[in-house]
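A short write-up of the structure that comes next.
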Amino acid sequence: MNKQLLLGAEAIALAALDAGISGVYAYPGTPSTEITEYIQKKSHAIDQPVRSTWSANEKTAYEAALGMSYAGKRSLVCMKHVGLNVAADPFINSAITGVNGGLVIAVADDPSMHSSQNEQDSRFYGKFAMVPLLEPSSQQDLYNATRHAFDLSESVKLPVLLRLTTRLAHSRAGVERSATRMQNLLHAPYAPERFVLMPHNARRQYNLLLGMQEELEKRSENSWLNRLISGSGPKGVIAFGIAYNYVMEIRQAYALDFPVLQIGQYPLPRKLVESLFNECNEILVAEEGYPLYEELLRGYFGGNNIRGRLDGTLPRAGELNADIIARGLGIEPKKVRAIPGIVVNRPPELCKGCGHRDLYDALNKVMNSFAEHHVFSDIGCYTLGALEPFNAIHTCVDMGASITMAKGAADAGLRPAVAVIGDSTFTHSGMTGLLDAINDRSPLTVIIADNDTTAMTGGQQSSATGSKILDICRGLGVEEQHIRTIIPLKSHLEKNITILAEEISYEGVSVVIAQRECIETAARKKRTQAARS
Amino acid sequence: MNINIILAGVGGQGILTIASVIDRAALQSSLTIRQTEVHGMSQRGGAVQSHLRISNREIYSDLIAEGTANLILSVEPLEALRYLPLLASAGRVITSTDQFINMEGYPAMEDILTELHRTNLPVLVNAAELAREAGNSRTSNMVMLGAASPFIGIAATHFEEAIESLFHAKGPEIVAVNIRAFRKGEELSQHQATTP
Ligand SMILES: Cc1ncc(C[n+]2csc(CCOP(=O)(O)OP(=O)(O)O)c2C)c(N)n1
């Protein structure tokens with residue numbers, strides 16, 4: 000039995016190790032987290048060490064990965080789709096500098112927003128940066144494509160984007176390994192003409208990138224990830240990425256024979272697309288994500304023979320599945336049963352015994368005494384404070400935005416201005432906003448919910464917790480007497496209300512750090528300790 | 000062979016342990032597997048599901064299409080109902096009757112039972128009680144797997160080997176109690192199948 004059952008995310012991780020990476024750089028984010036976790040678990044079993052601890056955010060992760068590539072070694076950088084917004088600056092510019100050692104960015108999109116604020120499509124970034132993008136449709140193809148991505152990156156000297164979505168990242172299937180290979184040797188040539196992006200260099204490098212596009216398209220034409228499955232018309236389907244699975248499922252289930260063009264490598268292979276268009280008089284464009292290529296294929300005015308998300312044949316938003324594709328092909332799957340009317344939703348909730356609960360109990364008591372009781376918050380387990388029974392927070396936009404939005408609202412005159420942010424989110428991108436507030440003396444209270452971990456994504460090591468967070472606040476310039484700590488426990492409720500009330504009424508920058516370990520990670524520590532002894 | 004199973008429960012109930020045993024048993028039988036999981040947000044006390052597909056030919060979609068699930072295996076009775084649109088007309092529901100109530104508006108048990116009995120010969124399992132009888136109240140997932148096992152089309156010995164390999168590191172006692180729990184569920188299921 001030479002197959003092992005791996006999540007799509009794990010298939011990327013194993014392939015990257017086998018392809019000879021020297022490091023993985025990442026900030027956690029569903030559904031990309033398991034890539035790095037797998038490497039962290041496996042790295043002890045490997046002859047050559049692989050660097051794998053968590054980065055403070057996606058931008059620092061990306062830049063470190065680029066530095067490793069600059070030094071000639073292969074690096075993998077992983078993030079969820081919105082993480083690429085944070086890392087967009089180094090990402091776009093690294094397409095201009097190019098790379099030395101293979102650099103692959105595994106980015107996991109979340110269509111239908113199972114665990115995210117939006118369903119942005121990372122293929123847009125591939126086009127934007129004009130770099131190759133791979134989008135395999137099965138776990139085995141993910142494994143093979145990861146190796147292919149490193150080879151491609153080293154061959155064309157560009158970063159390569161590897162796009163996957165929640166469904167593939169979090170689904171298991173049997174995966175067969177190929178031979179492992181050694182890491183690259185340290186090799187860091189001086190190349191300021193590429194890496195110093197002053198305008199005179201940047202213009203030349205950009206022209207080189209533009210000149211590469213024809214070559215990249217040729218590689219797509221010949222890639223094993225793009226292939227035409229012949230059949231008989233008049234309808235044909237272009238199936239991008241994981242949409243291929245749903246299209247083939249329906250083709251098999253209903254014994255249909257339409258031609259299918261599977262796309263798994265970009266830029267789009269024009270000749271292959273042309274040959275499908277020549278064969279068929281109607282084309283269904285099935286994309287898992289935005290109708291990015293449907294729009295392109297339709298052009299501004301035309302596209303009467305094209306069906307897809309833009310004409311309502313497929314829904315404009317949300318994840319695809321086999322039933323949606325069937326309907327898009329004019330087949331109505333027969334409804335057997337409906338969900339009984341008595342079934343109610345079961346929304347996620349804060350764990351019983353979680354310290355965030357006690358923090359919100361105290362904060363609600365304090366805020367209820369104000370006419371304006373807006374609380375700006377952020378992304379993490381503590382976002383569940385937006386739901387019943389707490390209804391304690393009123394914003395959650397992007398990581399770090401609690402502090403900066405509260406500052407802006409304070410600047411506008413809103414009193415009190417209160418932010419709630421987790422420890423990992425604070426070091427991800429909250430610290431810089433706090434510096435802005437201090438420089439402006441904005442009247443603002445920042446509550447840092449320090450549970451000693453990055454809980455929402457499964458309990459990864461946070462960049463700074465405990466006394467390190469206190470030191471950061473001091474270093475940024477928060478006055479010592481307005482950095483307070485509380486312990487969010489029922490028995491401390493009265494004390495915590497007093498401290499929160501004092502700091503929230505202070506007309507300046509104050510920080511209250513609520514310190515109590517996440518009950519999940521505490522229980523896990525206990526279990527591993529018990530197993531050891 | 001071609002079987003589609005929906006595993007259902009509440010975040011934290013451990014449906015992935017059940018998935019993991021079925022995966023191992025299927026792998027032993029050289030079958031092709033696709034199995035989805037839920038990570039992230041909804042893990043915290045929310046509804047969770049796993050789609051498990053086993054076949055002796057290529058499987059394309061990770062997700063089970065409407066009306067094509069052969070089994071719904073649920074560790075909570077209300078959660079079994081949530082996925083009924085996916086169940087094939089001849090499909091079977093195997094569910095624990097142990098309720099997990101952590102939200103407003105949880106329906107009355109008799110209404111849940113009425114809906115369950117509208118499906119084709121549901122197998123209702125007092126999983127917690129059988130787990131206690133097996134010797135460890137935390138083995139109810141293995142009771143549920145046992146109850147579903149006659150409908151999966153993989154030999155019981157493969158399941159027991161899979162349980163053994165999954166719990167091996169925790170020592171022979173844990174393996175034994177989980178196998179006892181598995182057999183309790185299997186017995187109950189056989190009994191219900193023969194007594195209409
Ligand atoms: C840019 C970006 N990166 C990553 C994520 C994924 N993410 C959501 S919450 C979270 C962790 C928050 O940890 P922390 O602030 O410590 O709060 P906790 O969950 O521990 O309460 C992460 C990594 C995201 N939503 N956006």
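Those protein sequences? They're chains B and E, same order as listed.
So for the first sequence, numbering that gives the first Met the number 0 puts the first residue at 0; every next one is plus one.
So for the second sequence, numbering that gives the first Met the number 0 puts the first residue at 0; every next one is plus one.
Note that CB positions come from ideal geometry on N, CA and C, so glycine has one too.
Since the model is a prediction, treat every value here as computed from it, not as a measurement.
Its chain contains Gly28, Ser31, Ala107 as the residues whose beta carbon lies nearer than 6 Å to that of lysine 79 of chain B, once the 5 sequence neighbours on both sides are disregarded; these appear in chain order.
With 16 or more other Cβ atoms from the protein chains shown falling within 10 Å of its own Cβ, isoleucine 402 of chain B counts as buried. Looking at the backbone, the Cα of glutamate 160 of chain E and that of alanine 24 of chain E are separated by about 7 Å. The alpha-carbon separation between glycine 170 of chain E and alanine 180 of chain E amounts to approximately 16 Å. Between ligand 1 and histidine 169 of chain B, a heavy atom-to-CB distance of less than 7 Å is absent. With respect to chain B, the C-beta atom of methionine 102 of chain E has a partner C-beta closer than 8 Å.
If you look at phenylalanine 123 of chain B, you'll find it isn't in any beta strand (DSSP E); it sits in the alpha helix (DSSP H) that goes 122-128.
Residue contact check for leucine 349 of chain B against chain E: a CB pair falls below 8 Å.
Nearest CB-CB separation between histidine 38 of chain E and chain B: below the 8 Å threshold.
For glutamine 514 of chain B, the beta-bridge partners assigned by DSSP are B:Asp449.
Between histidine 169 of chain B and chain E, the shortest Cβ-Cβ separation is below 8 Å.
Beta-bridge analysis with DSSP links methionine 78 of chain B to B:Val106.
Taking 4 residues as the minimum length, the alpha helix (DSSP H) runs contained wholly in the stretch 331-415 of chain B are 354-366, 400-410, in order along the chain. Inter-segment contact for the stretch 200-219 of chain B and the stretch 33-52 of chain B is absent: fewer than three beta-carbon pairs are separated by less than 8 Å.
In terms of beta-carbon proximity, arginine 43 of chain E lines the interface with chain B, with at least one pair separated by less than 8 Å.
Minimum Cα-Cα distance from valine 195 of chain B among the listed residues B:Phe127, B:Gln139, B:Gly97 corresponds to B:Gly97. In this structure, tyrosine 82 of chain E has its CB at a distance of at least 7 Å from all heavy atoms of ligand 1. Residues of the same chain with a CB within less than 8 Å of the CB of arginine 440 of chain B, apart from the 5 flanking positions on each side, are Gly507, Val508 in chain order. If you draw a 10 Å sphere on the C-beta of lysine 333 of chain B, you find fewer than 16 other C-beta atoms in it, and that means exposed. Spatial neighbours of glycine 44 of chain E in its own chain (CB-CB distance under 8 Å, excluding positions within 5 residues in sequence) are listed in chain order as Val9, Gly10, Gly11, Asn101. Taking 8 Å as the CB threshold, threonine 35 of chain E lines the interface with chain B. Alanine 46 of chain E and arginine 81 of chain E do touch by the CB rule: their CB atoms are close to 6 Å apart, below 8 Å. For isoleucine 330 of chain B, there are no neighbours in chain E by C-beta distance under 7 Å, as the nearest C-beta there is about 11 Å away. Within the same chain, Cβ atoms closer than 8 Å to the Cβ of lysine 183 of chain E are found at Leu129, Ala130, Glu132, Ala133, Val142, Gly145, the five residues on either side in sequence being excluded. Just so you know, the alpha carbons of arginine 414 of chain B and valine 37 of chain E end up roughly 40 Å apart. For leucine 283 of chain B, no Cβ of chain E is located within less than 8 Å of the residue's own Cβ.
Below 8 Å, too few C-beta pairs join the stretch 151-167 of chain B and the stretch 491-510 of chain B to call them touching: fewer than three.
Remark: the C-beta of tyrosine 124 of chain B is outside contact range of ligand 1, defined as less than 7 Å to any heavy atom. Only those residues of the stretch 165-192 of chain B whose C-beta falls short of 9 Å from the nearest C-beta of chain E are listed: Thr165, Arg166, Leu167, Ala168, His169, Ser170, Arg171, Ala172, Gly173.
In the displayed model, histidine 481 of chain B falls within a helix according to three-state DSSP.
Among the bridge pairs identified by DSSP, glutamate 281 of chain B is matched with B:Lys234. Of the candidates B:Ser461, B:Val365, B:Leu102, B:Val365 places its Cα closest to the Cα of alanine 416 of chain B. Among the residues of the stretch 12-30 of chain B, those with a Cβ less than 8 Å away from any Cβ of chain E are Thr29, Pro30, in the order of the chain. Note that the C-beta distance between glutamate 519 of chain B and alanine 454 of chain B is below 8 Å.
Only residues of its own chain outside the window of five on either side were considered, and among them Leu133, Ser219, Ser222, Leu224, Asn225 have a CB closer than 6 Å to the CB of glutamine 264 of chain B, listed in chain order.
Judged by DSSP in its simplified three-state form, leucine 157 of chain B adopts coil rather than helix or strand.
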